[in-house]
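**Q** So that we are looking at the same thing, I have put the structure below in structure tokens.
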Amino acid sequence: MNEHASANKLTANDFATDQEVRWCPGCGDYAVLKAVRTVLADIGARRENTVFVSGIGCSSRFPYYIDTYGFHTIHGRAPAVATGMLLANPDLDVWIITGDGDGLSIGGNHLLHILRRNLNCQILLFNNETYGLTKGQFSPTSHLATRTPSSPGGSIDNPVDPSRFALGCGARFVARGVDTQIKQLVEVLKAAHRHQGAAFVEIFQNCIVFNEDVFEGFTAKANVAQRQLQAEHGKPLTFGADGTHALAFDPQSLGLKTVDVSDGAQPLIHDATNHNLASALARMENPDFPMATGVLYDNPGPVYRSSTADQDAAGAPRKLKDVMRAGLSWHVGETPE
Amino acid sequence: MGPHIKQAAVQERKTAETVVVRFAGDSGDGIQVIGSQLGLASAMSDNDLGTFPEYPSEVRAPVGTTYGVSAFQVHFGGRPIKTIGDEADMLVALNPAALKTNLDMLKKGGLVLIDAGSFTQRNFDKAGYAASPLEDGTLDDYQLMAPDISKLTMESVAEIGLNKKASLRCKNFWALGLVYWMYGRDRQPTIDWLDNKFAKLPDVAAANVAALNAGHAYGETVEAAGYDVARIDMEPGPYSFVTGYEALAWGLAAAAELSDRKLVFASYPITPASPVLHTLARLSDIGVTTFQAEDEIAAICAAIGVSFAGGLGVTSSSGPGISLKQEAMGLAVSAELPLIIVNTQRAGPSTGMPTKTEQSDLNQALYGRHGESPVPVLAAGSPAECFEMAIEAARIALTYMTPVILLSDGFVANASSPWALPDLDALPRISVQNHKDADDFNPYRRDPETLARSWAVPGTPGCEHRIGGIEKDFASGHISYEPENHQKMTDVRADKVAGIAKTIPPIAVDQGDANGDLLLVGWGSTYGPISRAVGNMRARGCRVSHLHVRHIKPFAPNQNELLDGFKQVLVPEMNSGQLVNLLRVEGCAHAEGLSKMTGRPFQVSEIEDAILARVETSNE
Ligand code: SF4
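Each protein sequence line maps, in turn, to chains A and B. Just so we're aligned, residue 1 is where the first sequence starts under this note's numbering, counting upward by one. Just so we're aligned, residue 338 is where the second sequence starts under this note's numbering, counting upward by one.
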């Protein structure tokens, strides 16, 4: 549908479509869109081989704005549709775009199963703790007592944490990014793409209309240093201005504790292949701990292969004809040959 | 007893054109195995036949209970067999519970063979018999054979040295041997099957063969009634004794070959649809991919994803599962992607009677979606039709870029009959090409003839596009909320499906004249009983014809014209009148329904009675 630049090396802009972007001005989705286009250019993505699949919700409009193949499906079902695409053609580079309502409420079941099966794809969950498209009801990630049109007295449902959910489902790659931290987000998305298997990325995305600044506690410029820990594999898990604070193992709680590096405490080094550590990082919450972002877990495991993947190995191939003549079959009259 | 054998063999055998034998026993008695062996042996004795299994609804019911009874009916003979038989001529009941639950299927005066060894007080109690049914008059209207099959089986296999339990397990083959003697079946195909099946357990094979032979010899010894069953000339060629679900699975695999596409079958377990999944799961070596999804919705969505990526996406379920797939069908209608949805119908609503048959999901197939979302509907009523209509579903789905619903049912799926295997190389190819030309590509540009949109698949450079469930602009394929455009798109989706009729061959009556007093119209698994009833009544001089409908949406182009040629139109259906209502809406105002919803197929006699109530026989 678009004119394509003929040059081999595509730029971020080459992944833009002719469709007008329809998110509210100031929505965090714009920044994520920009980051994704940058990543596609940087990884040398082939347009024809790339598919963006989404469900329903504000973020699920995403495929219309990326000039690759795209499928805007139905509420919650993008992981199932993506699974079919990969069964038909395992060579496709599939990106699933979902949100907290789409991916964890109506589509929670599919998210669970695509993660445990470990299909080779990237899953970007835009978490804004609200149903934007339907005008601001509380979502499964909304914190307790969130006041919305459907919870005028404050929500009474305990929220689910997307990253902890993913780890519990057996995801082999779990990361967090923030819409306003483009540099980190680009690196996280590239790592997700490098990972063989299902790579889950939770993106804290600001819905300025219905849930403005809900993540400000750890994403506002003034708070990032103190209230956020940006994990990087092989590097010390430090936070605070100039890395004054760090995480350390707490034998008493069998978990993490924060320590003051200036007191001479040894910071833990991030090992993204350690599931226990990833779980502990995902469990940290303000104000007692910093919120962990970056790649929390990256430990590739066997990737889902369809039942036909081994067919060539099985010696002389049968034909359907042979199948139909096996079993309870016979020949009336003279047998040919 | 030896000396008597020669003497008994001279007893005269009666003749029979067709015979119905019903086996019943505990679910551990191997009833299904001997039922299908009688089927195979009959096919090899130049008989046509039909069979139907009835499984207990519990997975492992306690031994001896009525709800643990498994049954298998075989109808064989020397004329085309179209049903499993209204009533059995012979009932083999291996325990009291089997007798209790199956005696009503035996015709008055029919023969009951029981295992006297299992007719004990303990088993009477379990079956709910207050007294022995052998002595309380229960069997007064029937002939009874009551050998101690358990004891005779033990004796016949004693030499082989299996333990008691394994020896006793051969009693089904002892009973089968006696049935073979009575109806003149050749034992060799069954002996070969046993030797092959138990190749690694030669003692078990030998014991079952010994029991089979002993049962056969017993028939000779006691001068059991013997029958010469008429034979039929079958067309030369290869045959298979298949169920509807096998033929349907093979039809899907054939469709993939004919269209040169990868078949991906995505399904979630449900009775009675799962056997299609099981059959295809064993075909990975011929390129079939199966995917057991996490739920019904995921199954259809995965199939849609397959089609988006250029494969042949198929999903399958039964009524309740189809309900869950309805939202996604709307997506396939809107995105205009090929998709096959197979519904093996069962008795509903809700869990209903999962193992019993019904045709009550026709309205669901026709109308069970949101918005205006026309979907072609096909139906299959026999293994051959399952195969053919699976291919037809693929042809329509791929040619017209549309989801297609194929209706089967619990009876079609599980009944088996001999099927002349088609020559796969002679079948017409489904040559639908993907769009590859990047110049001015638009995914919603339509073929002027079929109205199908252009189908470009990921991997094709220059044809990248975005589609979804939002309404598309007729001209550009981009998102559109324009009022006039929605009208236009609604119309074109309906016209596309209606236009399929142009490629459906004209429909003709299956039996009888092309006009007359009475036409019976059926679809799916009512084919057998309607066909037999119409045949019987025509032999008695009735002016009655039979029309069997396979294309339900759209109908064959000439169907209305044909219906107009009859004074009366009667539509027997295992629902409360779903096809008949559609016929009326489509212009056949005089169509009349004949409903049955017991979970069991129509009996021939029920349809004969309905015919008799409407037309006269010339020779009565
Ligand atoms: S409603 Fe919120 S999430 Fe949706 S587009 Fe507007 S700002 Fe973004």
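Glycine included, each C-beta is placed from N, C-alpha and C at the ideal position.
Keeping to the same chain, check which residues put their C-beta closer than 8 Å to that of asparagine 223 of chain A; ignore five residues upstream and five downstream.
**A** Taking the first residue of the first sequence as 1, we reach residue 223 of chain A at position 223. Correct list, in chain order: Glu216, Gly217.
**Q** Go through its chain and collect everything with a Cβ distance to tryptophan 95 of chain A's Cβ below 6 Å, but skip five positions before and after it.
**A** Here residue 95 of chain A refers to the residue found at position 95 of the first sequence. Taken in chain order, the residues that qualify are Phe52, Gln122.
**Q** If I follow the unbroken beta strand (DSSP E) through proline 575 of chain B, where does it start and stop?
**A** Within the second sequence, the letter at position 238 stands for residue 575 of chain B. Where proline 575 of chain B is concerned, the enclosing beta strand (DSSP E) stretches over 574-580.
**Q** What's the gap between the Cα of methionine 427 of chain B and the Cα of leucine 448 of chain B?
**A** The count along the second sequence starts at 1 and reaches residue 427 of chain B at position 90. The count along the second sequence starts at 1 and reaches residue 448 of chain B at position 111. Cα to Cα, the separation comes out at about 5 Å.
**Q** Mind listing which residues of the stretch 102-113 of chain A have their C-beta closer than 8 Å to chain B's C-betas, in chain order?
**A** Answer set for the stretch 102-113 of chain A: Asn109, His110, Leu112, His113.
**Q** Name the DSSP bridge partner or partners of glycine 99 of chain A?
**A** Your numbering for residue 99 of chain A matches position 99 in the first sequence. A/Phe126.
**Q** For chain A, is any of its Cβ atoms less than 8 Å away from the one on serine 955 of chain B?
**A** Taking the second sequence and counting its residues from 1, one reaches residue 955 of chain B at position 618. Cβ-Cβ to chain A under 8 Å: no for serine 955 of chain B.
**Q** In the DSSP assignment, find the unbroken alpha helix (DSSP H) run with glutamate 496 of chain B in it and report its ends.
**A** On the second sequence, position 159 is the one that residue 496 of chain B refers to. Taken as a continuous stretch (DSSP letters only), glutamate 496 of chain B belongs to no alpha helix (DSSP H), as it is neither H nor E.
**Q** Is the Cβ of tyrosine 131 of chain A closer than 8 Å to any Cβ of chain B?
**A** Taking the first sequence and counting its residues from 1, the one referred to as residue 131 of chain A is at position 131. Chain B contact via Cβ: absent.
**Q** From this set, A/Ala198, A/Ile106, A/Ala191, which residue's C-alpha is nearest arginine 172 of chain A's C-alpha?
**A** Translated into positions along the first sequence, residue 172 of chain A becomes position 172. Selected option, being the one with the closest Cα: A/Ala198.
**Q** Comparing the CB of isoleucine 43 of chain A with every heavy atom of the ligand SF4, is any distance shorter than 7 Å?
**A** On the first sequence, residue 43 of chain A is found 43 positions in, with the first residue counted as 1. Checking every heavy atom of the ligand SF4 against the Cβ of isoleucine 43 of chain A, none is found closer than 7 Å.
**Q** Touching or not, the stretch 709-721 of chain B and the stretch 746-755 of chain B, by the rule of three or more beta carbon pairs under 8 Å?
**A** Yes, they touch.
**Q** Run down chain A in chain order and give the residues with a C-beta less than 7 Å from the C-beta of methionine 571 of chain B.
**A** Reading the second sequence from its first residue, position 234 is the one you call residue 571 of chain B. Neighbours of methionine 571 of chain B on chain A, chain order: Val332.
**Q** Does alanine 457 of chain B come out as helix, strand or coil in the three-state DSSP assignment?
**A** Stepping through the second sequence from its first residue, residue 457 of chain B is reached at position 120. Residue identity check: residue 457 of chain B is threonine in the sequence provided, not alanine. Note: threonine 457 of chain B maps to coil in three-state DSSP.
**Q** With DSSP run on the structure shown, which of helix, strand or coil describes aspartate 565 of chain B?
**A** Here residue 565 of chain B refers to the residue found at position 228 when the second sequence is read from its first residue. Here aspartate 565 of chain B sits in strand by DSSP.
**Q** State the DSSP-derived secondary structure class of methionine 1 of chain A, mapped to helix, strand or coil.
**A** Within the first sequence, numbered from 1, the residue matching residue 1 of chain A stands at position 1. Confidence at methionine 1 of chain A is low in this model, with a pLDDT of 42, below 50, so the placement of that residue should be treated as unreliable; the coordinate-derived value is given next. Note: methionine 1 of chain A maps to coil in three-state DSSP.
**Q** Buried or exposed: where does histidine 927 of chain B fall if 16 or more other Cβ atoms within 10 Å of its Cβ makes it buried?
**A** Within the second sequence, residue 927 of chain B is the residue found at index 590, counting from 1. So histidine 927 of chain B counts as exposed.
**Q** So, helix, strand or coil for glycine 991 of chain B, using DSSP?
**A** An answer regarding residue 991 of chain B cannot be provided, because it is not within the stretch 338 to 957 covered by chain B.
**Q** So, is the C-beta of phenylalanine 645 of chain B closer than 8 Å to a C-beta in chain A?
**A** As a first step, residue 645 of chain B is located in the second sequence; it is residue number 308 there, counting from the start. So yes, phenylalanine 645 of chain B belongs to the interface.
**Q** On the DSSP bridge list, what partners appear for glycine 55 of chain A?
**A** Here residue 55 of chain A refers to the residue found at position 55 of the first sequence. Answer is none; glycine 55 of chain A lacks a bridge partner.
**Q** Can you confirm whether the stretch 767-780 of chain B touches the stretch 704-716 of chain B when touching is taken to mean that 3 or more C-beta pairs between the two stretches lie within less than 8 Å?
**A** No contact exists between the stretch 704-716 of chain B and the stretch 767-780 of chain B.
**Q** Please list the partners that lysine 319 of chain A has in chain B, where partner means a Cβ-to-Cβ separation under 7 Å.
**A** Taking the first residue of the first sequence as position 1, residue 319 of chain A is located at position 319. Ordered by position in chain B, the residues that pass the 7 Å Cβ test against lysine 319 of chain A are Ile623.
**Q** Taking 8 Å as the threshold, find out whether the stretch 263-278 of chain A comes into contact with the stretch 233-253 of chain A through three or more Cβ pairs.
**A** Yes, the stretch 263-278 of chain A is in contact with the stretch 233-253 of chain A.
**Q** Relative to chain A, which residues along the stretch 673-695 of chain B have a C-beta separation below 7 Å, given in chain order?
**A** Listed in sequence order: no entries.
**Q** Beta-carbon of lysine 773 of chain B versus every beta-carbon of chain A: anything under 8 Å?
**A** Counted from its first residue, the second sequence places residue 773 of chain B at position 436. No, lysine 773 of chain B lies away from the interface with chain A (no Cβ there is under 8 Å from its Cβ).
**Q** May I ask which residues mark the beginning and end of the alpha helix (DSSP H) holding glycine 805 of chain B?
**A** On the second sequence, position 468 is the one that residue 805 of chain B refers to. Not the alpha helix (DSSP H): glycine 805 of chain B falls in the beta strand (DSSP E), residues 803-805.
**Q** To the nearest angstrom, report how far apart threonine 388 of chain B and arginine 359 of chain B are at their CA atoms.
**A** If you number the second sequence from 1, residue 388 of chain B lands on position 51. If you number the second sequence from 1, residue 359 of chain B lands on position 22. Threonine 388 of chain B and arginine 359 of chain B: Cα-Cα distance of roughly 10 Å.
**Q** Output the distance between the C-alpha atoms of histidine 195 of chain A and proline 300 of chain A, rounded to the nearest integer angstrom.
**A** By 1-based counting over the first sequence, the position of residue 195 of chain A is 195. By 1-based counting over the first sequence, the position of residue 300 of chain A is 300. Using only the alpha carbons, I get a separation of about 7 Å.
**Q** Mind checking lysine 839 of chain B: buried by the 16 CB within 10 Å criterion, or exposed?
**A** As a working mapping, residue 839 of chain B is identified with position 502 in the second sequence. It is exposed - the Cβ of lysine 839 of chain B has fewer than 16 other Cβ atoms within 10 Å.
**Q** Near alanine 561 of chain B, what residues of its chain come up, given a Cβ to Cβ distance below 6 Å and the 5 sequence neighbours on each side ignored?
**A** As a first step, residue 561 of chain B must be located in the second sequence, where it is residue number 224. Closer than 6 Å at Cβ, skipping near neighbours: Met519.
**Q** Please name the residue or residues paired with cysteine 121 of chain A in a DSSP beta bridge.
**A** Taking the first residue of the first sequence as 1, we reach residue 121 of chain A at position 121. For cysteine 121 of chain A, which the question treats as bridged, DSSP gives the partners A/Ala198.
**Q** Taking only three categories from DSSP, how would you classify valine 846 of chain B?
**A** Indexing the second sequence from 1 puts residue 846 of chain B at position 509. Looking at valine 846 of chain B - three-state DSSP - the assignment turns out to be coil, as it is neither helix nor strand.
**Q** What's the gap between the Cα of asparagine 767 of chain B and the Cα of glutamate 729 of chain B?
**A** Taking the second sequence and counting its residues from 1, the one referred to as residue 767 of chain B is at position 430. Taking the second sequence and counting its residues from 1, the one referred to as residue 729 of chain B is at position 392. Before going on, a small fix: residue 767 of chain B reads as isoleucine here, not asparagine. Computed Cα separation, rounded: 9 Å.
**Q** Taking 6 Å as the limit between beta carbons, can you name the residues of its chain near alanine 870 of chain B, skipping five residues before and five after?
**A** The residue labelled residue 870 of chain B in the question sits at position 533 within the second sequence. Excluding residues within five positions, the ones whose Cβ falls inside 6 Å are Val941, Ile944, Glu945.
**Q** Taking the beta strand (DSSP E) that threonine 38 of chain A falls in, what are its first and last residues?
**A** Here residue 38 of chain A refers to the residue found at position 38 of the first sequence. First-last for threonine 38 of chain A: 29-42, but that is the alpha helix (DSSP H), not the beta strand (DSSP E).
**Q** Output, in sequence order along the chain, the residues in the stretch 389-412 of chain B whose CB is closer than 7 Å to any CB in chain A.
**A** Per Cβ criterion, the list is empty.
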